[in-house]
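Q: Supplied in structure tokens, the structure appears directly below.
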Amino acid sequence: MPLWLIFHPAGTFEDEASRHALAQDITKIYTRIGLPAFYVVANFIKLQEGQTWVGGELHTRKPFIRIAIEHIAAHIGDELPDDAHARTNSVIEAALKPHVADKGYDWEFHVDQTDRRLWKVNGFNPPAFRSEAERLWFNENRPVFYEPEAGKRTHAFNHGVEYGSDPGRRLTKFIIGSRKNATL
């Protein structure tokens, strides 16, 4: 599960269309690498005036968007080179650009990587990344029962992801091709 907590002030992301557009761009980051769309959760948390303090001072100059991202389903391994992390940041920044940066907002994000052994979906232990069972979840776009053997990781399955000139796809190709256990 990628979980995005998007803290925003009143006057930003007020309408469903703006929230939908950002949620769609966030979801594309992950479906490009083969994660089921239903794994991606974006919560828009509206903050009232006077609730955002930066550096001990009330932040009022312009809207400040703070995003906390949890990666649980797939991680970038510490053994990967720093540019794998930089590429992940670039993909996230590209998704945020039209919704935050281009609007002139102040913004910040961070990514935590949570141990997937502490994660359940509708009572199921999610199948391993790139496993046959995850393919089933991807195709069904919901959690369904799977045989334990089908939930083990396989390296041959790619969810039909095509690699192209898109930065997110380059990231996917880089990570998939780097190490057998490297994922995002």
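Per the working numbering, the very first residue in the sequence shown carries number 2; after that it's consecutive. For each residue, glycine too, the CB sits at the ideal point set by N, CA and C.
Quick check: the Cα distance between Ala-43 and Trp-5, rounded to an integer number of angstroms?
A: If I take the Cα positions, the gap works out to 5 Å.
Q: Please check the pair Met-2 and Trp-108, which I expect to be a contact at CB under 8 Å, by giving their CB distance rounded to whole angstroms.
A: Not a contact, Cβ separation roughly 22 Å.
Q: Using the rule of at least 16 other Cβ atoms within 10 Å of the residue's Cβ for burial, across every protein chain shown, is Phe-65 buried or exposed?
A: Buried, by the Cβ-count rule.
Q: Name the residue from Gln-25, Ser-132, Phe-125, Arg-131 whose alpha carbon lies nearest to the alpha carbon of Arg-143.
A: The option with the nearest alpha carbon to Arg-143 is Phe-125.
Q: Apart from the five residues on each side of it in sequence, which residues of its chain come closer than 6 Å, Cβ to Cβ, to His-60?
A: Answer for His-60: Thr-53, listed in chain order.
Q: DSSP three-state label for Leu-97, please.
A: If DSSP states are grouped into helix, strand and coil, Leu-97 belongs with the helices.
Q: Out of curiosity, what's the CA-to-CA distance linking Gln-25 and Phe-39?
A: In a straight line, the C-alpha of Gln-25 is about 12 Å away from that of Phe-39.
Q: So, helix, strand or coil for Asn-140, using DSSP?
A: Helix.
Q: Can you pull the DSSP bridge partners for Ile-68?
A: Its beta-bridge partners are Ile-7, Phe-110.
Q: According to the Cβ coordinates, are His-100 and Leu-23 closer than 8 Å?
A: In this structure, Leu-23 lies closer than 8 Å to His-100 by Cβ.
Q: Answer yes or no: do Phe-8 and Arg-67 have a C-beta to C-beta separation smaller than 8 Å?
A: A contact, by the Cβ cut-off of 8 Å.
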